[in-house]
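Residue numbers (the working numbering), protein chains in the order written: chain C, 1102 to 1367; chain X, 58 to 197; chain U, 7 to 410. By construction, the Cβ of each residue, glycine as well, lies at the ideal position given by its N, Cα and C atoms.
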Amino acid sequence: MSQKNMNNSEDKLVDAGVLSCQNKSRRNFLGKAAGASVIIAPGVTLIGISSAQSNTDVDGADSSKRWGMLIDTNQCAEGCNDCVSACQQENGWGEGSTDESHSNPEQQAQWIRTVTVRDKDTGHTNQLPMMCQHCAEPPCVDVCPTGASMQRADGIVLVDKHICIGCRYCMMACPYKARSFVHESLHDQKAYAPRGKGTVEACTLCVHRVDKGEQPACVESCSSGAMLFGDINDTNSEISKKLKEVGSTQIRADLGANPSVRYSGL
Amino acid sequence: MLIDRLKVRIAIVSVVLGALFATSFMAQSQSDAENSSSALNKQVTTGESCVKDTSWMRRNHMELLKHDRDRTLRQGIRPVDGSIKECVNCHATKDDHGQQLSINAEGEFCAGCHSFASVSIDCFDCHSTKPEESVVGTRR
Amino acid sequence: MKRVVYSGIEGRSLGYWSMMGVLALFILLAAGSFLYMEHSGHHVTGMNNQIVWGIPHVFAIFLIVAASGALNVASISSVFNQSIYKPMARMSAILALTLLAGGLVVLLLDLGRADRLIVAITTYNFKSIFAWNIMLYTGFFVIVLTYLWTMFDPAMHKHTRKAGTAAFIWRLVLTTGTGSIFGFLSARQGYDAAIMAPMFIIMSFAFGKAFFLILLLGIYNLTNRSISADLIERLKNLFGVFVAAVLYFAVVFHITNLYAAEHADYESFILVNGGIYTAIFWIGQVLIGGVIPLILLYSPMFAHSVKSIVTASILVIVGGFANIYGIVVGGQVFPLSLFPGQEVSSSFGDGVVNSYVPSLPEILLGLGGVAVAMGLFLFAIKVLRLVPNNLNAEHTETTSEVPC
């Protein structure tokens, strides 16, 4: 990751005396955020209303955390597409967006999709949502030439579109086909989910919601309770307890990428 | 000897002239920029003031944005001064029919200055050019 | 002792200018295609989210691989002291540079954000094989230019051997890097193989040599310079060994894959029921790129004609292109194995073979890369003293007395 870059620009700003006056104006911004209600998600530590500038916010991504998901494929209702629709609506891609009308379906973004798995011998069938698995050892981050493909301290894997050159090597490397390349100019983006032509994108685990202490849109939309979100590192979180209790699978565990999205019932 | 002295004089004179020329040129271009941007830009805000005073922002907003974009995206530090989302929330305007305008549309807050200064930016290839839905409702 | 006399080609004939004109036309078409794709976005191309690297990458990788191979003749003279090759070393080095330039142009112009070239060359993730490649390409230019300097400047002749050795090692590392772009991709059935690196090296020997032979024999024919039969024979035999070696590596690659049940589906796709990709392998790579050229080079019926050597070289280029196409596109159309041993289906092409149809702008962009390489080369041999006035035996032999 290009930490180097970041530090450089920080130094420059300190020189220019910019950072010194940051606290005052930061409060102005926070004033607006303070009204936001705080949802207590499963496995998310309670965030007091008085401190909208929770630790997550001010100190940034917390390296003691590892955000993850447990998907119970037995609960995933056949034919249900709620998680996909919720993601589309939240992040402004696919149905409901006026963008990507020139691209064919194979070219349009797919942050999350439902996949049907059928055992060739037994005929047993499962349906499950498939998206960026937010690997602990993400191949996409390893291969990215510029460091645009990156992993936050709390395990969320993102694309830094500021320095993405659109080489698509990460898409070659991803075992889950979780990433999409934007094939045309966009105009209908959501303010919190920037995306644009010539860069690669994928599920962000709804990082903008997670940083506010909320759950990803797909998890919130799942009425059957098949999706559980939380901090895998926190032994007291609901997801950790469940992971300990039921057997879960990593998709393509053989690759050693150690995804943070786990599946049970497979 | 004489020639040497002459050389020194020529050197001094040319340095002084050069410096004068440079400063006057800079002053000129500065006042150009200020005149034009006040003419071009509607001063639109919803809050009382920006994160820094206007003249500072005019010159340095890009540094601030560039610095804080990395903090936000890579480190997850959300409350930052240089938030392009907040630029848009405050500075995007509506037309006479109440239709929300893009902040980078011709003559609007971002484009007005940038097109005058011949600066091409790619911020809005990815970033939304309209205020967040939650903000729109609270606008005047 | 006789010295080798180099000269530029005259480059004033109708033939020269019409060649340059055609190349310029292709470069213009490529520039137009680039602007079109850049402006509209990649939805106007045949690529999609399943096939992310299309025919421009095939052209780019092909040219980059050929580039390092084109340096071979120079390496043989400087590193392995084969003085008979020495007069051709300058041409060989220049061709390596121009082919690489052509390949890189295509690679860069097919980026989603080609306007961010500055990011690509200033911001590195040192864990990325792709980033290493960017440095390997840049280093190649520097080292080969230095190598050329030592060949041109009499005062630098004493360093030719060192520079040549450095260039030789560098090109081996470079092609290892190119092959590893695929070799390192553990998630895809068609890649994930260490053999990719040496296989790309041997491919580079063959493709680079094919380009070199066509140009060498073409120039000598068109400018009425003479070249000894003995030299042609040696170049031809070496070329044949490289072509055979490419076939050998293909055999080892596929046999190894066949042995592992895990890869059985991919192998049956490429070798038996993959439709166009099976045809590309057997007809393109094996027949056109391997078997027929070997017959042309070694069968007593054809073996001693310059025409058959040039034909074989052209076929190796066509077959080599098919080879890279099979690796790059064939490896992507085959579905990812998300759940090994199970059937997968979705609305997004899981579990099915995807399709890729190259679009015209993509093809034109790729051809533009070839035109850039060839145009630069033709320009270089006009303005620089690269081509020996003749390559007759007595001249080439006496050069052995010139210290390397």
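1. Give the list of continuous beta strand (DSSP E) stretches no shorter than 3 residues that lie fully inside the stretch 1199–1270 of chain C.
2. Candidates D1243(C), G1161(C), A1303(C), C1323(C): which alpha carbon is nearest F190(U)'s?
3. Excluding five sequence neighbours on each side, which residues of the same chain lie with their C-beta closer than 7 Å to the C-beta of I160(X)?
4. When burial is assigned at 16 or more other CB atoms within 10 Å of the CB, is P394(U) buried or exposed?
5. Sorted by chain position, which residues of the same chain lie with C-beta nearer than 7 Å to Q1252(C)'s C-beta, five sequence neighbours on each side aside?
6. Against I160(X), what residues of chain C qualify as contacts under a CB-to-CB distance less than 8 Å, listed in chain order?
7. Ordered along the chain, which non-local residues of its own chain (more than five positions away) have a Cβ less than 8 Å from that of L1344(C)?
8. Per DSSP, which residues does V1362(C) bridge with? Please list them.
9. So which residues of chain X does K1166(C) contact, with C-beta pairs closer than 7 Å?
10. Using alpha carbons as the reference points, say which of D236(U), G336(U), E268(U) lies closest to F275(U).
11. Between the stretch 341–348 of chain U and the stretch 60–67 of chain U, do at least 3 Cβ pairs fall closer than 8 Å?
12. Please state whether DSSP places N396(U) in a helix, a strand or coil.
13. Against K151(X), what residues of chain C qualify as contacts under a CB-to-CB distance less than 9 Å, listed in chain order?
14. For the stretch 46–77 of chain U, list every residue whose C-beta sits within 7 Å of some C-beta in chain C, in sequence order.
15. I'd like to know if T104(U) contacts chain C, where contact means its C-beta is closer than 8 Å to some C-beta of that chain.
16. With DSSP as the reference, please indicate the residues paired to V10(U) in a beta bridge.
17. Measure the alpha-carbon distance for R128(X) versus S175(X) and round it to whole angstroms.
18. Chain U partners of N1205(C), CB-CB under 9 Å?
19. Tell me which same chain residues have a C-beta within less than 6 Å of the C-beta of K1262(C), skipping the five on either side of it?
20. So, helix, strand or coil for L373(U), using DSSP?
21. Using a threshold of 8 Å, state whether the C-beta atoms of T171(U) and V79(U) are closer than that.
22. Is the distance from the Cβ of D182(X) to the Cβ of G1297(C) below 8 Å?
23. Please list the partners that M1251(C) has in chain X, where partner means a Cβ-to-Cβ separation under 9 Å.
24. So D1163(C) and R135(X) are supposed to be a Cβ contact under 8 Å. How far apart are they, rounded?
25. Go ahead and pull the three-state DSSP assignment for L366(U).
26. DSSP puts K1342(C) in a beta bridge; with which residues?
27. Using 8 Å as the threshold, is the C-beta distance between R1167(C) and S1365(C) below it?
28. Shortest alpha-carbon distance to A120(U) belongs to which of E1302(C), D1335(C), I1266(C)?
29. Counting only the same chain and skipping the five closest in sequence on each side, list residues whose C-beta sits under 7 Å from that of G108(U).
30. Please list, in chain order, the chain C residues whose beta carbon lies closer than 8 Å to that of S351(U).
31. If you reduce the DSSP assignment to three classes, tell me which class V1301(C) lands in.
32. In the DSSP assignment, find the unbroken alpha helix (DSSP H) run with G280(U) in it and report its ends.
33. Does DSSP put G1331(C) in a helix, a strand or coil?
34. Is there a C-beta anywhere in chain C that falls below 8 Å from the one on V176(X)?
35. Run through chain B and tell me which residues come within less than 8 Å of D1332(C), C-beta to C-beta.
36. Would the beta-carbon of F217(U) fall within 8 Å of that of A76(U)?
Based on what the coordinates show:
1. Taken in chain order, the complete beta strand (DSSP E) segments of 3 or more residues contained in the stretch 1199–1270 of chain C are 1213–1220, 1226–1232, 1250–1252, 1258–1260.
2. Nearest option by C-alpha distance: D1243(C).
3. Taken in chain order, the residues that qualify are V145, H148, A149, F166, C167, T186.
4. Buried, since its Cβ has 16 or more Cβ neighbours within 10 Å.
5. If we look at Q1252(C) and ignore the five residues flanking it on each side, its Cβ neighbours are P1239, V1242, V1258.
6. Chain C residues near I160(X): none, gap ~11 Å exceeds 8 Å.
7. Apart from sequence neighbours up to five positions away, the residues of its chain that approach L1344(C) with a beta-carbon distance below 8 Å are L1171, I1333, R1363, ordered along the chain.
8. According to DSSP, which records beta bridges pairwise, V1362(C) is partnered with M1170(C).
9. Within 7 Å Cβ-Cβ: nothing; K1166(C) doesn't reach chain X, min ~10 Å.
10. Ranking the options by Cα distance to F275(U), first place goes to G336(U).
11. The stretch 341–348 of chain U is not in contact with the stretch 60–67 of chain U.
12. Strand at N396(U).
13. The premise fails here: K151(X) is roughly 16 Å from chain C at the closest Cβ pair, so nothing lies under 9 Å.
14. Those would be S46, G47, H48, H49, N54, N55, Q56, V58, W59, in chain order.
15. No - not a single Cβ of chain C is within 8 Å of the one on T104(U).
16. Note: V10(U) sits in no beta bridge, so no partner.
17. Taking C-alpha positions only, R128(X) is separated from S175(X) by approximately 28 Å.
18. Per Cβ cutoff of 9 Å: H49, N54.
19. The beta carbon of K1262(C) sits closer than 6 Å to those of T1300, all from its chain and outside the five residues before and after it, given in chain order.
20. Looking at L373(U) - three-state DSSP - the assignment turns out to be helix.
21. Contact flag unset, no.
22. Between D182(X) and G1297(C), the C-beta spacing is below 8 Å.
23. Within chain X, the C-beta atoms nearer than 9 Å to that of M1251(C) come from L130, R131, in chain order.
24. At roughly 13 Å, the Cβ-Cβ gap does not stay under 8 Å, so D1163(C) and R135(X) are not in contact.
25. Three-state DSSP puts L366(U) in a helix.
26. Looking at the DSSP output, K1342(C) bridges to nothing.
27. Contact check for R1167(C) against S1365(C) fails: the beta carbons are separated by 8 Å or more.
28. Minimum Cα distance to A120(U) is reached at I1266(C).
29. For G108(U), same chain residues with a beta-carbon under 7 Å away, outside a window of 5 residues either side, are L69, G375, V376, V378, A379 in chain order.
30. Chain C residues near S351(U): V1216, T1217, R1219.
31. In the displayed model, V1301(C) falls within a strand according to three-state DSSP.
32. Taken as a continuous stretch (DSSP letters only), G280(U) belongs to no alpha helix (DSSP H), as it is neither H nor E.
33. In this structure, G1331(C) counts as strand in the three-state DSSP scheme.
34. Not an interface residue.
35. The chain labelled as chain B is not found among the protein chains of the depicted structure, namely C, X and U.
36. The answer is yes: Cβ separation under 8 Å.
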